[in-house]
Amino acid sequence: MQNNTDGGYVLGRRESYRVVILLFFLYMFNYIDRMVITSVFPFIKAEWGLSDTQLGGLGSAVYISLLICTLPVSVLADRWSRRKSIAMMTALWSVATAACALTRNYVQIFTARVFIGLGEAGFAPAGTAMIAAAFPQERQALMMGLWNASIPIGSALGVILGGLIAVHFGWRYVFGLVALPGLLLAALAYRLKDYKTVGLCAGAGDEVAGSIRTFGFGNIVKGFLKTPSLIAAYFGFAGNTFVTTAMLIWLPTYLNRTYGLPMDVAGLRAGLIMFFGLVGAPLGGYLADLWYRRHKAARMWFPAISSATSAVILFVSLNFFRGDLQFASFLLLGVSFMAFIPATSAVTQDVVHPGLRATSFSMCVITQHVFGSMMGPLVVGMISDAYGIEKALLALPLSQIVACVIFLVGAPYYTRDLERIPPITLVREGS
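Once you know that position 121 of the sequence shown is 101 in the numbering used here, the rest is easy, because the numbers rise by one and skip nothing.
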């Protein structure tokens, strides 16, 4: 599905790695801007008299707009330009983050968070499509893992910087300072190399995963729905992100309330836990690629195993450990939490028409936000209001067990779905 120029690197080896590096920093600041809100929860709760449910709503606000906007923005990226879309979206979410510093009530900050989500809506789908096109298939999970390692780094930095800046300078300064680097990165993103937009006329053959003779949303959805491994990847992703997003949002508050830690210290500890995902994402990608070379269905088996592993670690940590032992187990959890992402992301690219890769990942984003990211913080907030934060987190491992089962159900279909994709050559822009 790719040309073999420069050893199978569509953009050339050097340019392909340049794409990953810049997208890494973009994703890192994406998550800094998204997650920095968690460390200012106690400050805005005290200033505006907010409930935990309202605070959870601020965490979910980004995901509401992501849910609404990710598909149309991703179609634009697929049919127009991935790099130009990424540059525009980065500038938008950076400006919206800065606007949070100027808000004076809950409605205003909620609205600003919605616009952050609008800016971030198509970034992950467009970036995933660029990386999938830039590298040979047997290296894609590793590259996805290296790219997604920016998520825990950005999340950790967001929580740590948020707590430190808010304690020493005030919570409004948090948003203004973390927004600035995004504008520079937006200009750099515009200069990236991309592949030429792929036509959707696939010629003869069945309509599989969006392989269609004429562009039409109904046909695309029909093709996706006829691909069981793709659907399993979407919902398995959602089961995991329900847990990971809830933990990202509520972990500093859990440490603050359970151990009485000041928010800057709680934010630092939570950030360190998230930071360990730096190991989990590339390690998961490397192991999944290694297994994939022998068994194609490993793209689905590996995230099933990592989901179950995370569920067990989280359950044991919350029920049986306290103090330093719990903190150590949370560090291990930071590794296992991220391991499912690279292989699952690769599935969303492997079994679809190359001209619809961003659209495919946007459907994954929609699914994970409807059933995962958007619901997780709110559900934990609601349970916390009724029973306390500790009991709220205890409900989370069940979601990852469900994700494990979904991946296992989809695994037998992966090889068949992969073989149904027509061979299409991707060409570098300017060629």
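C-beta atoms are modelled at their ideal positions from N, C-alpha and C, and glycine is treated no differently.
The beta carbon of A78 lies closer than 7 angstroms to those of F155, G156 and A159 in the same chain, with the five residues before and after it left out. Of the candidates R274, K276, A146 and A261, A146 places its Cα closest to the Cα of L248. Judged by their CB atoms, E27 and D269 are not nearer to each other than the 8 angstroms cut-off. Y170 sits in coil when the DSSP states are folded into three classes, being neither helix nor strand.
Exposure of Y153 is indicated by the presence of fewer than 16 other C-beta atoms within 10 angstroms of its C-beta.
Here the C-alpha atom of T91 lies approximately 8 angstroms from the C-alpha atom of A41. Counting along the chain, R93 sits inside the alpha helix (DSSP H) bounded by residues Y86 to E100.
Contact check for V20 and G97: beta-carbon distance about 18 angstroms, past the 8 angstroms limit, so the pair fails to qualify. With 16 or more other Cβ atoms from the protein chains shown falling within 10 Å of its own Cβ, F215 counts as buried. If you draw a straight line from the Cα of A261 to the Cα of Y234, it comes to about 24 angstroms.
The beta carbon of G251 lies closer than 6 angstroms to those of A136, V139 and I140 in the same chain, with the five residues before and after it left out. Here S31 is exposed, its C-beta having fewer than 16 other C-beta atoms within 10 Å. In this structure, the alpha-carbon of E100 lies about 11 angstroms from that of S342. Listed in chain order, the non-local C-beta contacts of V315 below 8 angstroms within the same chain comprise F256, G257, V259, G260 and L263, local neighbours out to five positions each way being set aside. Taking 8 angstroms as the cut-off, the Cβ atoms of G102 and T221 do not count as close.
Unbroken alpha helix (DSSP H) stretches of 4 residues or longer found wholly inside the segment 253 to 297: 257 to 272, given in chain order. Note that the C-beta distance between S45 and A166 is not below 8 angstroms. Closest by C-alpha distance to T50, out of A226, V345 and S364, is V345.
Non-local beta-carbon contacts of S130 in its own chain, meaning distances under 6 angstroms to residues more than five positions away in sequence, involve F4, Y7 and M8 in chain order. Look at the beta carbons and you see the segment 381 to 401 not touching the segment 301 to 313: under three pairs across the two are nearer than 8 angstroms. For the pair R59 and G335, the Cα-to-Cα distance works out to about 8 angstroms. Our two residues, T108 and T238, have alpha carbons roughly 38 angstroms apart in a direct line. N236 is classed as buried because its beta carbon has at least 16 other beta carbons within 10 Å across all chains shown.
For S342, the enclosing alpha helix (DSSP H) starts and ends at R337 to Q348.
Cβ atoms of A391 and W281 come within 8 angstroms of each other, at about 5 angstroms. DSSP places G29 outside both helix and strand once states are collapsed to three, so it counts as coil. The three-state secondary structure of R400, taken from DSSP, is coil.
In this structure, DSSP gives P242 a state outside helix and strand, which the three-state scheme calls coil. DSSP, reduced to helix, strand and coil, places G361 within a helical segment of the structure shown. Across the set F307, L72 and I386, the C-alpha of I386 shows the shortest separation from the C-alpha of F320. For G143, the enclosing alpha helix (DSSP H) starts and ends at S130 to F149. Between the alpha carbons of F217 and Q348 lies a gap of roughly 6 angstroms.
V201 sits exposed, since fewer than 16 C-beta atoms from the chains shown fall within 10 Å of its C-beta.
The alpha-carbon separation between T177 and V0 amounts to approximately 19 angstroms. The alpha-carbon of K173 is positioned some 11 angstroms away from that of L2.
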